[in-house]
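Chains as they are written, first to last, in my numbering: chain A, 45 to 154; chain B, 46 to 166. Here a beta-carbon is modelled for each residue, glycine too, at the ideal position from N, C-alpha and C. Below is one structure, written out as structure tokens; comments come after it.
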């Protein structure tokens, strides 16, 4: 069981806004940055959001991240069919001295 | 451009040894941590551990400590993960990933394409 908790699934229709949550603790999300990765079917994960709310170049501004206390969220606005993927949150854990991943959320575009 | 290119798929029998590789380019290899992430079939991502090629210091997740060995050769910009005795439960996709030190914590910013390891008798 992952220490960072994500809902296993999320869904939305094209054009909608969806959010995916990530819950941790004081030794990880509460203290350190949160990262979000997108994994399209059959491909390697790709960095989507870094340092809780920053977008790498090339990532559309439809994707945004936020963090409050020991929880973080990924928001996707203007949902598109190509957003259908698995999304993972991650954070450094000071107790583990390693990276923790959430269990992943499978996003379905209806 | 940062690139991490991993070695090809492997099919092994239980008890056999294996070493897979990840060749880095586009940055100073010795100055960034590099590590490995496991993804079992149909499952999520699991962080295995990392190594700093500059001094070969490594750290492992407790789940993988003693189960694998992570190493790096900075003269050829290549990182490795190896098993001395594979089990069927090691069947998974393995990703190498560059880790950057930021504000006292470590972030994963680039990923390799993955190496599929299948262990079956």
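How would you label residue i, buried or exposed, when you count the other beta carbons within 10 angstroms and need 16 or more for buried?
| i | result |
| --- | --- |
| residue 50 of chain A | buried |
| residue 94 of chain B | buried |
| residue 54 of chain B | exposed |
| residue 83 of chain A | buried |
Let me check one thing: in DSSP terms, what residues is residue i bridge-paired to?
| i | result |
| --- | --- |
| residue 73 of chain A | The partner list for residue 73 of chain A (beta bridge, DSSP) is empty, contrary to what the question assumes. |
| residue 94 of chain A | A:98 |
| residue 84 of chain B | B:90, B:138 |
| residue 123 of chain B | B:68, B:118 |
Please go through the same chain and pick out, in chain order, the residues whose beta-carbon is closer than 6 Å to the beta-carbon of residue i, but skip the five residues on each side of it.
| i | result |
| --- | --- |
| residue 92 of chain B | 82, 106 |
| residue 58 of chain A | 123 |
| residue 53 of chain A | 150 |
| residue 66 of chain A | 48, 50, 116, 133, 146 |
Could you round the C-beta distance between residue i and residue j to whole angstroms and report it? I think they count as a contact, below 8 Å.
| i | j | result |
| --- | --- | --- |
| residue 129 of chain A | residue 151 of chain A | 6 Å |
| residue 88 of chain A | residue 71 of chain B | Not quite, the Cβ-Cβ distance comes to about 16 Å (not below 8 Å), so this is no contact. |
| residue 95 of chain A | residue 77 of chain A | 4 Å |
| residue 75 of chain A | residue 127 of chain A | In fact, because the Cβ distance is near 30 Å, the residues do not count as touching under 8 Å. |
| residue 121 of chain A | residue 106 of chain A | 5 Å |
Starting from the C-beta of residue i, find all residues in its chain whose C-beta is less than 8 Å away, skip the five residues before and the five after it, and write them out in chain order.
| i | result |
| --- | --- |
| residue 58 of chain B | 131, 164, 165, 166 |
| residue 121 of chain B | 68 |
Using a Cβ-Cβ cut-off of 7 Å (strictly less than) and excluding sequence neighbours within five positions of residue i, which residues of its own chain qualify?
| i | result |
| --- | --- |
| residue 70 of chain A | 114 |
Between residue i and the ligand MN, is the CB less than 8 Å from at least one heavy atom?
| i | result |
| --- | --- |
| residue 135 of chain B | With respect to the ligand MN, the structure offers nothing, as it holds no ligand at all. |
### Query
Which whole runs of the alpha helix (DSSP H) in the segment 99-149 of chain A are 4 residues long or more, in chain order?
none
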